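>
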Ligand SMILES: C[S@@+](CC[C@H](N)C(=O)[O-])C[C@H]1O[C@@H](n2cnc3c(N)ncnc32)[C@H](O)[C@@H]1O
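Next comes the structure, spelled out in structure tokens:
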């Protein structure tokens, strides 16, 4: 009897310890710090519109908006700006409402419209700029489906509208690799698995290490890796008059320098990020 009690107490202690050791973290905050640069992205987006159209844009639509960090920065950039964020998932949108929207003044909040819905919906509000960032449209693996999405963007853009997507590539994309980047207070891991050369599909995970504990698969993405010419062909097929590629410059240490300029040819880097901007 005494023995039993002892082992039971042990179990309880073990359970309590496990509970205490479960590290608390804010996954969207770590994601924002590790992956997003919303403040500079919106400046690039505005400047690109001005460069191509010779006038200021007003309405920005962020498809696959998640926590709508870009829309939030768009609103702050100019008092004339309006933003529309669309996402299927209520969880990141609720986070954005609680953490970002509440930081805006009431007048700024009135310029933001949030839609819990599908980017394929033919009745989405019109915009000067539609952006699909952080490779979100890679979730459309079938060409017909991606084409349907691009056609919907074309239809719901204003007359002088532009459509902006980012993408990545390079020989490293075909390897099972785990990139590790240390940030203040946490480590970010970008883990690529299962690249299939027959389908060009791969599975990606984001892990974080917080307070000495690695939390696996905080975010997972099941994507097809599309190429620049494939995407530009589809953009042309759905009616976009022109598309341009913005390629990142190289810093002294060989990494990307964060400055994107319009190019006709790229470089065969191990890993690259680019934007494609299509004009209606
Ligand atoms: C990779 S996250 C990107 C979030 C945000 N754009 C960013 O830059 O971090 C992809 C988002 O797309 C959303 N999503 C996936 N399919 C969608 C669809 N058909 N319509 C609207 N949102 C979709 C998911 O809910 C998820 O929040």
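Numbering (the working numbering), first residue to last: 41 to 320.
Each residue gets a CB set at the ideal place from its N, CA and C atoms; glycine is no exception.
Remember, predicted model here, so these are calculated numbers, not experimental data.
In the structure shown, what three-state DSSP assignment does residue 401 receive?
Here the chain has residues from 41 to 320 only, and residue 401 is not among them.
> Shortest alpha-carbon distance to residue 300 belongs to which of 206, 251, 213?
On the chain shown, position 260 is the one that residue 300 refers to. Of the candidates 206, 251, 213, the one whose C-alpha sits nearest the C-alpha of residue 300 is 206.
> Look up residue 232 in the DSSP assignment and give the residues it is bridged to.
Residue 232 sits at position 192 when you count from the first residue of the chain shown. Paired residues: 244.
> Less than 7 angstroms between the C-beta atoms of residue 314 and residue 283, yes or no?
Translated into the one-based positions of the chain shown, residue 314 becomes position 274. Translated into the one-based positions of the chain shown, residue 283 becomes position 243. Cβ distance not < 7 angstroms, so residue 314 and residue 283 don't count as in contact.
> Considering only the beta carbon of each residue, do residue 264 and residue 181 sit closer than 7 angstroms?
Along the chain shown, one-based indexing puts residue 264 at 224. Along the chain shown, one-based indexing puts residue 181 at 141. Yes.
> Suppose the cutoff is 8 angstroms on Cβ atoms and the five residues either side in sequence are ignored; what does the same chain contact list for residue 225 look like?
As a position in the chain shown, residue 225 is number 185, starting the count at 1. So the qualifying residues of the chain are 250.
> Could you check whether the Cβ of residue 132 sits closer than 6 angstroms to any heavy atom belonging to ligand 2?
With respect to ligand 2, the structure shown offers nothing to examine, as its ligands consist of ligand 1.
> Measuring straight from C-alpha to C-alpha, what distance separates residue 171 and residue 274?
The residue given as residue 171 occupies position 131 in the chain shown. The residue given as residue 274 occupies position 234 in the chain shown. Looking at the two C-alpha atoms, the distance is approximately 16 angstroms.
> Taking 6 angstroms as the cut-off, is the beta-carbon of residue 170 closer than that to any non-hydrogen atom of ligand 1?
Working through the chain shown from its first residue, we reach residue 170 at position 130. Residue 170 Cβ: outside cutoff for every heavy atom of ligand 1.
> Where does residue 221 land, buried or exposed, given buried means 16+ other C-beta within 10 angstroms?
Counting from one through the chain shown, the residue named residue 221 turns up at place 181. Burial call: exposed.
> Counting only runs that start and end within the region 177-211, where is the alpha helix (DSSP H) found for 4 or more residues in a row?
DSSP runs (the alpha helix (DSSP H)) wholly in the region 177-211: 183-196.
> I'd like the list of long-range same chain contacts for residue 75, defined as Cβ closer than 8 angstroms, with 5 residues on each side in sequence excluded.
Here residue 75 refers to the residue found at position 35 when the chain shown is read from its first residue. If we look at residue 75 and ignore the five residues flanking it on each side, its Cβ neighbours are 174, 228, 246.
> Looking only at its own chain, which residues have a Cβ that is under 7 angstroms from the Cβ of residue 73, when we skip the five neighbours before and after it?
By 1-based counting over the chain shown, the position of residue 73 is 33. Counting only Cβ-Cβ distances below 7 angstroms, and skipping sequence neighbours, we find 223.
> Rounded to a whole number of angstroms, what is the C-alpha to C-alpha distance between residue 46 and residue 64?
As a working note, residue 46 is residue 6 in the chain shown. As a working note, residue 64 is residue 24 in the chain shown. Below a pLDDT of 50, predicted positions are generally treated as unreliable, and residue 46, at 34, falls in that range; no measurement from the model is reported.
> Helix or strand or just coil, what does DSSP make of residue 53?
Locating residue 53 in the chain shown gives position 13, where the first residue counts as 1. Unreliable positioning characterises residue 53 in this predicted model, as indicated by a pLDDT of 35, which lies under 50. The coordinate reading is nonetheless provided below. Reduced to three states, the DSSP call for residue 53 is helix.
> When the Cα of residue 149 is compared with those of 164, 248, 115, 261, which residue comes out closest?
Locating residue 149 in the chain shown gives position 109, where the first residue counts as 1. Taking only the C-alpha atoms, the option nearest residue 149 is 115.
> What's the gap between the Cα of residue 113 and the Cα of residue 78?
Taking the chain shown and counting its residues from 1, the one referred to as residue 113 is at position 73. Taking the chain shown and counting its residues from 1, the one referred to as residue 78 is at position 38. Near 6 angstroms, if we compare the C-alpha coordinates of residue 78 and residue 113.
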